[in-house]
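Okay, so here's the structure we're looking at.
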Amino acid sequence: MIIYSSLPLFDVLLERAETDTPDGNWTKGLAMTMLQHYFPVADNWRTVYELNSNHRTADFRILRLQRFRLDDRKMVNHTVALAKKDGGDLDAALKQLEDALERTNIESGRCWAMLFHGLDFLAYEYYEDLPENQRLIPTGPPSQPCRSRFDMRTDGLAVEEMLMHMRQHEAPSPR
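Using our numbering, the letters of the sequence shown map in sequence onto residues 392 to 566.
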C-alpha cells in the first residue's frame, strides 16, 4: 500500500486541515479519507459516520469502522474515531470519543479508537470493562508502543504502521 503522505490528495487535505474552517470540515474529511484509504470497501470494510444528535457540537464527527465477517456474515465494530478541529480541548475530545464508544456494540468488549485532532493522530485501545474515564489506553505502533500521538505531516510512517497494525488485528489484546 502507498503511504498516504506521498499521495497528492492527502497533501491537499493536510494543507487544508492546517487552516481549517471553524466547523472542522477539512479535518473530518481527512479522517474519513484516511480510513477509507487504509480500510477499503474492497476488503470488506465500511466507514460510516454518526450524525450528531446535538447540532451545537457539529465541530466534531464520529466515524465507525466496521468489518464484514464472511464466516458469520455480519458487520462487526472494529474502530471508533473522532475527528475534530485542532485548537479545542483535548480532554473534552477524549470524553466525546469515550461517550461514542459507550454507545457502541463491541462484541469482545474491546476495540480500537482514534482521535484526529487537527493534524495530530492519537491511537487508543478501548476496554469497556475498565472504570469510567479510564477505558481509553494510549497505544502506539509495534515499533513505538509507548508513543500514541503523531503529527500526520511529519510522522507519516508511524501513522501508517499504526493503521496497518489496527487493520491486521481485530481488537487490542486482552488486558
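Even glycine gets a Cβ: it sits at the ideal position worked out from N, Cα and C.
For residue i, name the three-state secondary structure that DSSP assigns.
i      : result
His446 : Only weak support exists for where His446 lies, its pLDDT of 47 falling under 50; the coordinates are left without a value.
Asn416 : helix
Asp482 : helix
Met505 : strand
Asp546 : coil
Glu498 : coil
Name the two residues that bound the continuous beta strand (DSSP E) containing residue i.
i      : result
Arg460 : 451 to 460
Glu561 : Looking at the DSSP string, Glu561 is not in any beta strand (DSSP E), and its letter there is neither H nor E.
Glu516 : 511 to 518
Glu523 : It is not in any beta strand (DSSP E) - Glu523 carries neither H nor E in the DSSP assignment.
Tyr440 : 436 to 441
Ala472 : 465 to 475
Pro529 : 527 to 529
Taking all protein chains shown into account, do 16 or more other C-beta atoms lie within 10 angstroms of the C-beta of residue i, making it buried, or fewer, making it exposed?
i      : result
Asp450 : buried
Arg494 : exposed
Met558 : Checking the displayed sequence, the identity of residue 558 turns out to be Arg instead of Met. Looking at its Cβ environment, which holds 16 or more other Cβ atoms inside 10 Å, Arg558 is buried.
Ser397 : exposed
Asp402 : exposed
Arg455 : buried
Beta-carbon within less than 6 Å of residue i's beta-carbon, same chain only, minus the 5 sequence neighbours each way: which residues are those?
i      : result
Glu516 : Ile528, Thr530, Pro563
Arg452 : Lys419, Tyr440, Ala474
Phe459 : Asn435, Met466
Assuming residue i is part of the alpha helix (DSSP H), what are its boundary residues?
i      : result
Pro536 : Run containing Pro536: none; DSSP gives neither H nor E here.
Phe401 : 399 to 409
With a CB to CB cut of under 8 Å and the five nearest residues on each side skipped, what residues in its chain are close to residue i?
i      : result
Tyr518 : Gly500, Arg501, Arg526, Ile528, Pro563, Arg566
Legend entry - Validate contact between the stretch 529 to 546 and the stretch 495 to 502 using beta carbons, cut 8 Å, 3 pairs: no
Inset, instruction - Check whether the stretch 426 to 444 touches the stretch 510 to 528, counting contact only when three or more Cβ pairs, one atom from each stretch, lie closer than 8 Å. - result: no
Inset, instruction - Answer yes if the stretch 421 to 437 comes into contact with the stretch 462 to 481, meaning at least three C-beta pairs across the two stretches below 8 Å, and no otherwise. - result: yes
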